[in-house]
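Trainee: Sharing a structure, written as structure tokens. Questions coming.
Numbering (UniProt numbering), first residue to last: 1 to 918.
Structural data, given as structure tokens:
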């Protein structure tokens, strides 16, 4: 028997890194285990080699040499190569480079360039090898179909990226560790890259033949990577393994601190463009916008708003215009360069495209895309933002495209949309154990879009006169965005270039004439581009009047952005210095911290009203990793209404971090708090790696609310919920529907909840002619006021602190918070089956518990009243059926969203009652 470590084929050389994973094979058993850094690991493996009886006497004892001192000999080409133990039998094995060329971020595992045998060391990946990722150049979608190309170095395809047959992955999402592909580049292709250098046609029609996709899922790909056999023969490759524990974290933290020692700044040219296309299809070439500069950009960031204004796009997210505009952009990129599309993301009509020059594709990593809807109920995607984050060399970049709330007077709602996008936009990190990354946690942020800020305090005539005189600075003094940024309410730390072009909104479509419609909108700079970060120089900022497809004009900005590029030699030296210094650390050192506070009290917690408490962790002399850990038999480190930010992290000696405890009660947790089954009490356990645990106490009180209360409970509450004793609230909340429906056993209830009546009555008296009702979100402070009025019964105060849109949204949030929806879960599937049969649908409603039936009929009667005023409020049956369908009809699998077919059936079910007699 010959033992083999996963770190060396054929037992030739055993080399250990940090927290090494080892496989030991004998004739009788196979063991896979993880060992910590240090001399104990070597001793252990040496003892294993000597202790196992029956070893071949010809086999020499394992040798444990430290990293770079020895160079592995390349295995004989004819010698049998062990198949990696978890690979498929048909998977091709071979020698492959890993991590060449592209350097992942400071937070990713780092590999060294040129790990082929000519260097001081190289990695062997046995089994699990796959073909190298392929990418499609934007200019090579010609009549013969897409031309495939191989990345010059190892990389990963992002499966989620490939939403269409013509889509390309140059760097992908990089959510798992990079894996190696075949090192044999097709020499028959120019430059070994598989690109068609003779192609003269740029961006033609979509190819008929689709690219062959990889069939492996992300989880399969990740498993293949984790189980690969690797020979580590260079210190830098310690960081290409995913989980190294504390030592790896210390190394990466020191590398971040010393980044300037091994990187230099190199400028890359970025084109950033934004265009609100008003639901139109492309009718003209986009080159006057996308290719106006003499030099070809290195990176294109192209954003659209109002890509599709149809109801189908709004409610079902389907639109053919996505492909139309993608093709139009691809055909209009700069003719002097070849580009690869890295990523695209769309939320209804908000779309963002990211392209890079072919030669930079290998240096793009950690690509992620996310969306945030800020429409009604904070979900609808008619307004909101989309973003793509990525790593270019050693610099993290986030590009955000947003479409904020409309109308001149709604600047506060635009501010709220901006804050929502910033707080809710979160990107998963390469290391899944790390908390998500927010927009502001990037070196460079580029923010573009139809921000919708207008010119205030000037009438239409005065604005047009100043534009005609080109008195842009006088006009700019009245720009809402400028005023809000100066007040530091939004875009804190961002910069916008000087505006030297006329307002980009609103024009008559197909012309350069200002809006001549009945509304006669005042001109405004709605379309803007801002940035944040270091080493950024804006070279141009302009509009493009030649394009007349939309009522907006496109805007572009060109930047030179200084990106940190790694100097290989300096990086290697820095890494070795860090590793040497860590070698001197005593393993016995026990980390310890001090906490500024251990007891936290949250008083008078209210529904959907965030409360925060903070404390500071101060570290002593030993680097430490901290994490809030689960208590025994619990699935999370805290209760559902509580969150710690960050929940885990790393501290260098003599450093500190501030932790925020956020308490937020929503529809998922309100019912149990109302009933008294849960209370604002919890214990958090803060654990130090290799150290002690610290216990934090959380206490407080929750003010019961009509939000999250069952319908039958509210019908039996003749007094406001906050005027009732807690025991009464608890008993009524826990009362079953069957008991509630048996009125002979209880005092006479109301037919519908008084809180529901208060909101509907307000809307009936004030908002039946309100334009965009149930489609435009309200303001957060106004919702707080409405909730307090409902819970205290102060109906007279409802109109004093809320507008129509806020009350409408509060009504939707109330229906969403019901633990049992208006149409009970038990009737859900029957409703979908009867969605085309009105008579059968009415019979189902008749079988509902009396309170649910009353509420349903009351709501339908109110919605029919709204439809009688559709000429003013612009509502129709489809809009209302789509909005209320997903609230009144909810899937019994509570956490499962309606699929498209169910969503349409739910809409059709409600649609019948809006059109027919009740």
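We put the beta carbon where it would ideally sit given N, CA and C, even for glycine.
Values in this document were obtained by computation on a predicted structure and should not be read as measured data.
Can you tell me where the alpha helix (DSSP H) holding residue 780 begins and where it ends?
Mentor: Segment 780–792, the alpha helix (DSSP H) holding residue 780.
Trainee: What residues in its chain sit with their C-beta under 6 angstroms from that of residue 443, if we drop five residues either side in the sequence?
Mentor: Contacts found: 395, 396, 533.
Trainee: With a threshold of 8 angstroms, are at least 3 pairs of Cβ atoms found where one atom belongs to the segment 292–301 and the other to the segment 510–528?
Mentor: As far as the Cβ criterion goes, the segment 292–301 does not touch the segment 510–528, which means the pair count is below three.
Trainee: Within a Cβ cutoff of 7 angstroms, which residues of the same chain sit near residue 546, ignoring the five residues on either side of it in sequence?
Mentor: Answer for residue 546: 288, listed in chain order.
Trainee: Where does residue 526 fall in DSSP's three states?
Mentor: Residue 526 falls in the coil class under three-state DSSP.
Trainee: Have a look at residue 551 and residue 326 and give me their C-alpha separation to the nearest angstrom.
Mentor: Roughly 20 angstroms separates the two Cα atoms.
Trainee: Can you find the residues in the same chain that come closer than 6 angstroms, C-beta to C-beta, to residue 646, ignoring five residues on each side of it along the sequence?
Mentor: Around residue 646: 435.
Trainee: According to DSSP, simplified to helix, strand and coil, what is residue 796?
Mentor: Helix, per DSSP.
Trainee: For residue 393, count the other beta carbons within 10 Å of its own beta carbon; 16 or more makes it buried, fewer makes it exposed. Which is it?
Mentor: With 16 or more Cβ atoms within 10 Å of its Cβ, residue 393 is classed as buried.
Trainee: Go ahead and pull the three-state DSSP assignment for residue 920.
Mentor: Residue 920 is absent from the model: the chain starts at 1 and stops at 918.
Trainee: Compare the beta carbon distance of residue 386 and residue 347 with 8 angstroms and say whether it is the shorter of the two.
Mentor: Contact flag set, yes.
Trainee: Identify whether residue 687 lies in helix, strand or coil by the three-state DSSP scheme.
Mentor: Three-state DSSP puts residue 687 in a strand.
Trainee: What are the partner residues of residue 401, as DSSP defines its beta bridges?
Mentor: According to DSSP, residue 401 bridges with 386, 448.
Trainee: Ignore the nearest five residues each way along the sequence and tell me which others in residue 938's own chain have a CB closer than 6 angstroms to its CB.
Mentor: No information on residue 938 is available, as it lies outside the stretch 1 to 918 that the chain covers here.
Trainee: So for residue 885, helix, strand or coil by DSSP?
Mentor: Reduced to three states, the DSSP call for residue 885 is helix.
Trainee: Quick one: measure Cβ to Cβ for residue 343 and residue 354, integer angstroms, because I've assumed they're closer than 8 angstroms.
Mentor: Confirmed, Cβ separation roughly 5 angstroms.
Trainee: CB residue 906 to CB residue 886, shorter than 8 angstroms?
Mentor: In this structure, residue 886 lies closer than 8 angstroms to residue 906 by Cβ.
Trainee: Would you mind listing the alpha helix (DSSP H) stretches within the segment 814–876 that are 4+ residues and don't spill past its ends, in chain order?
Mentor: If we require 4 residues or more, the alpha helix (DSSP H) runs fully inside the segment 814–876 come out as 828–833, 838–846, 850–867, 870–873.
Trainee: Check whether the Cβ atoms of residue 558 and residue 540 sit closer than 8 angstroms, and answer yes or no.
Mentor: Yes. Within cutoff.
Trainee: Assign residue 495 to buried or exposed, taking buried as 16 or more other Cβ atoms, counted over all protein chains shown, within 10 Å of its Cβ.
Mentor: Exposed, by the Cβ-count rule.
Trainee: To the nearest angstrom, how far is it from the Cα of residue 716 to the Cα of residue 666?
Mentor: Taking the straight line joining both Cα atoms gives about 23 angstroms.
Trainee: Let me know if residue 670 comes out buried or exposed under the rule of 16 or more other beta-carbons within 10 Å of its beta-carbon.
Mentor: Buried, because 16 or more other Cβ atoms sit within 10 Å of the Cβ of residue 670.
Trainee: From the DSSP output, in three-state form, read off residue 567 for me.
Mentor: Reduced to three states, the DSSP call for residue 567 is coil.
Trainee: Less than 6 angstroms between C-beta atoms, sequence neighbours within five positions excluded: which residues of the same chain meet that for residue 503?
Mentor: Here the set comprises 523, 524, 525.
Trainee: Using C-beta distances below 8 angstroms, list every residue in its chain close to residue 899, excluding the 5 sequence neighbours before and after it, in chain order.
Mentor: Nothing listed; no residue qualifies.
Trainee: Between the Cα of residue 279 and those of 251, 322, 449, spot the shortest distance and give me the residue it belongs to.
Mentor: Of 251, 322, 449, the residue nearest in Cα terms is 322.
Trainee: Tell me where the alpha helix (DSSP H) around residue 733 begins and ends.
Mentor: 726–734 is the span of the alpha helix (DSSP H), which, as asked, contains residue 733.
Trainee: Locate the beta strand (DSSP E) running through residue 430, then write down its first and last residues.
Mentor: Residue 430 -> no beta strand (DSSP E), and no H or E assigned at all.
Trainee: Could you tell me which of 468, 408, 563 sits nearest to residue 481, measuring between CA atoms?
Mentor: Nearest of 468, 408, 563 to residue 481, Cα basis: 408.
Trainee: Considering only residues of the same chain and omitting the five flanking positions on each side of residue 318, which have a CB-CB separation below 7 angstroms?
Mentor: Hits under 7 angstroms: 312.
Trainee: To the nearest angstrom, how far is it from the Cα of residue 698 to the Cα of residue 679?
Mentor: Near 10 angstroms, if we compare the C-alpha coordinates of residue 679 and residue 698.
Trainee: Please give me, in chain order, every unbroken run of the beta strand (DSSP E) with length at least 3 that falls completely inside the segment 655–688.
Mentor: List check, beta strand (DSSP E) in window: 656–663, 681–688.
Trainee: Do you know offhand how far residue 249's Cα is from residue 650's?
Mentor: C-alpha separation (whole angstroms): 7 angstroms.
Trainee: Can you check whether the C-beta of residue 559 is within less than 8 angstroms of a C-beta belonging to chain C?
Mentor: Structure shown: chain C not included; a single protein chain is present.
Trainee: With a threshold of 7 angstroms on Cβ separation, who are the neighbours of residue 439 within its own chain once the five nearest residues in sequence on each side are excluded?
Mentor: Excluding sequence neighbours, residue 439 sits near 387, 398, 400, 422, 425, 445.
Trainee: Assign residue 911 to one of three DSSP states: helix, strand, or coil.
Mentor: Helix, per DSSP.
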